[in-house]
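All remarks here apply to the structure that follows.
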Amino acid sequence: MKTIWLSANLLGYELLKEAISLNEVEIGAVITLSRDSKTKMYDGIGIDEWKKLGIPVFGISRADESIDLMTKLAPDLIVMCGWRQIVSKEFLGIPPLGVVGFHPTLLPQGRGPAPIINSILEGFTRSGVTMFYADEGLDSGDIVGQERFNIEEDDYAQDVYDKVIKSGKNLIRKYLPLILGNKTPKEKQDESKATIFKRRDMHDNEIKLSDPLEEIYRKIRAFSKPYLGAYVKEGKKKLIIWQAERQDDE
């Protein structure tokens with residue numbers, strides 16, 4: 001059973017290493033963003049880093065432009081993780097076992113972009129990772145399994161990211177062999193409970209000192225590394241704040 005890995009970020013890279021360690025899994029190739037791709041990811045992994053894993057690597061701009069390549073590779077399964085683009089029905093139909101994705105929330109809650117950033121900004125105290133079958137919608141396919149974790153009030157983006165990686169590895173170990181054996185569970189998402197995160201733009205990490213302190217604190221935590229950092233602006237100058245501490249008045 002040949003598996004193709006479609007990913008462009010650190011989460012996908014770490015989960016691939018976990019998959020490689022499983023005897024039941026044969027990784028045929030990695031498909032990632034080409035060097036000239038206009039899609040940029042703050043936690044992105046470049047082609048040269050993927051090649052260090054000793055697996056054939058192909059760079060593309062968009063998944064739907066790689067239909068011919070995917071057809072030639074003839075995968076039984078495609079694993080998609082850290083890939084921002086929604087894929088077409090034609091793409092989804094290539095592997096007989098389907099396309100499996102990962103999303104760093106407990107779907108159907110928190111579909112869509114910037115899940116780690118948005119989870120902190122919105123004050124989530126409980127989150128996790130969902131392994132699911134991709135469909136033509138936005139993170140709306142049948143659920144394979146979920147791993148849960150807490151987001152503590154002093155967790156920064158990297159802390160949550162580390163929890164996501166750990167949870168994703170657990171899902172890989174538990175479910176990937178079952179999927180390849182066509183024995184995986186499937187559970188439809190409850191659309192009545194679905195929420196979609198806001199798409200963030202380049203100015204959302206600016207701190208307004210007039211904002212409530214809790215909102216400012218969440219913003220500092222949410223946009224810290226591996227992201228760009230929250231900042232205060234005065235004229236043309238920016239002060240990036242990577243870390244902060246809340247103190248009660250005496």
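Using full-length UniProt numbering, the letters of the sequence shown map in sequence onto residues 1 to 250. Cβ atoms here follow ideal geometry from the backbone N, Cα and C, with glycine treated the same way. Note that the structure is predicted; figures quoted are calculated from it, not measured.
Mapping DSSP to helix, strand and coil, what is residue i?
i           : result
residue 164 : helix
residue 109 : coil
residue 58  : strand
residue 1   : coil
residue 44  : strand
residue 32  : strand
residue 228 : coil
residue 183 : coil
residue 130 : strand
residue 120 : helix
residue 102 : strand
residue 7   : strand
residue 200 : coil
residue 208 : coil
residue 23  : coil
residue 221 : helix
residue 145 : strand
residue 77  : strand
residue 188 : coil
residue 152 : coil
residue 92  : helix
residue 136 : coil
Going by the beta-carbon positions, is the gap between residue i and residue j smaller than 7 Å?
i           : j           : result
residue 130 : residue 107 : yes
residue 137 : residue 175 : no
residue 168 : residue 102 : yes
residue 63  : residue 41  : no
residue 6   : residue 43  : no
residue 95  : residue 164 : no
residue 75  : residue 143 : no
residue 232 : residue 207 : yes
residue 61  : residue 37  : yes
For residue i, tell me which candidate among the options has the shortest Cα-Cα distance.
i           : options               : result
residue 59  : 34, 41, 49 and 192    : 34
residue 110 : 91, 193 and 87        : 193
residue 81  : 238, 186, 53 and 171  : 171
residue 261 : 151, 2 and 145        : There is simply no residue 261 to check, as the chain begins at 1 and stops at 250 in what is shown.
residue 27  : 235, 15 and 209       : 15
residue 246 : 231, 75, 51 and 213   : 213
residue 200 : 237, 248, 114 and 67  : 114
residue 50  : 242, 66 and 17        : 17
residue 67  : 13, 57, 90 and 242    : 90
residue 221 : 244, 190, 182 and 39  : 244
residue 173 : 205, 147 and 242      : 147
residue 204 : 166, 160, 153 and 121 : 121
residue 242 : 236, 234 and 227      : 227
residue 13  : 183, 149, 65 and 162  : 162
So residue i packs on residue j, CB below 8 Å; how close in whole Å?
i           : j           : result
residue 97  : residue 77  : 4 Å
residue 225 : residue 158 : 5 Å
residue 55  : residue 25  : Not quite, the Cβ-Cβ distance comes to about 11 Å (not below 8 Å), so this is no contact.
residue 127 : residue 119 : 5 Å
residue 53  : residue 20  : 7 Å
residue 79  : residue 133 : Not confirmed; about 11 Å, so no contact.
residue 92  : residue 135 : 7 Å
residue 57  : residue 39  : Not a contact, Cβ separation roughly 16 Å.
Taking the straight line between their C-alpha atoms, what separation do you get for residue i and residue j?
i           : j           : result
residue 196 : residue 112 : 6 Å
residue 84  : residue 180 : 24 Å
residue 46  : residue 229 : 21 Å
residue 123 : residue 71  : 43 Å
residue 2   : residue 22  : 13 Å
residue 238 : residue 210 : 17 Å
residue 177 : residue 186 : 15 Å
residue 188 : residue 182 : 17 Å
residue 160 : residue 153 : 11 Å
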